[in-house]
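In my numbering, the protein residues as written are 2 to 130. One structure below.
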Amino acid sequence: MTSQVIQETKDITVLNQKGIEQIVQHLNQKDRLDLMKWISPTNTAMKQDDKLKLWLNGTGRWFLEPNEFVPWSNQDQDQTMWRTLFCPSAPGTGKTLMISGVIGEIQIVAYGTIVRSDWRISTATIARD
Numbered sequence: 002m003t004s005q006v007i008q009e010t011k012d013i014t015v016l017n018q019k020g021i022e023q024i025v026q027h028l029n030q031k032d033r034l035d036l037m038k039w040i041s042p043t044n045t046a047m048k049q050d051d052k053l054k055l056w057l058n059g060t061g062r063w064f065l066e067p068n069e070f071v072p073w074s075n076q077d078q079d080q081t082m083w084r085t086l087f088c089p090s091a092p093g094t095g096k097t098l099m100i101s102g103v104i105g106e107i108q109i110v111a112y113g114t115i116v117r118s119d120w121r122i123s124t125a126t127i128a129r130d
């Protein structure tokens, strides 16, 4: 009888711990979303999707395949976890549209191999219209 009570208590404790972990994870996600909204009230994901819809098949291949992007994107994650691709140019030359393709490419590779909710995988875009 005592061992049964102990086992039931352990089972309840495990369930409670799992529930607490889910609540904490939800709160952490909410805190991150609130922080992102405070930093930039602009919905960058929506803007990213809008720009990506403007891409035609083959758009930006000249940028995504040659010298700078491929080595940058193929770097060993252990070698450098945080990477920045800096692309300065004059206003109106298509940087925002081009970077939407880069972000799309990164997301296809990253989210295709890693769970989408993994907090370690993210893309950040800073673009001025």
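The C-beta atom is built at its ideal place from N, Cα and C for all residues, glycine as well.
Rounded to whole angstroms, the gap between the alpha carbons of residue 85 and residue 17 is 41 Å. When C-alpha distances from residue 94 are compared across 106, 107, 61, the shortest belongs to 61. It is roughly 29 Å from the alpha-carbon of residue 89 to the alpha-carbon of residue 33. Residue 3 sits in a helix when the DSSP states are folded into three classes.
About 5 Å separates the beta carbon of residue 105 from that of residue 53, a gap short enough to meet the 8 Å contact definition. If only complete runs of 4 or more residues are kept, the segment 39-66 shows the alpha helix (DSSP H) at 45-54, 62-65, in order along the chain.
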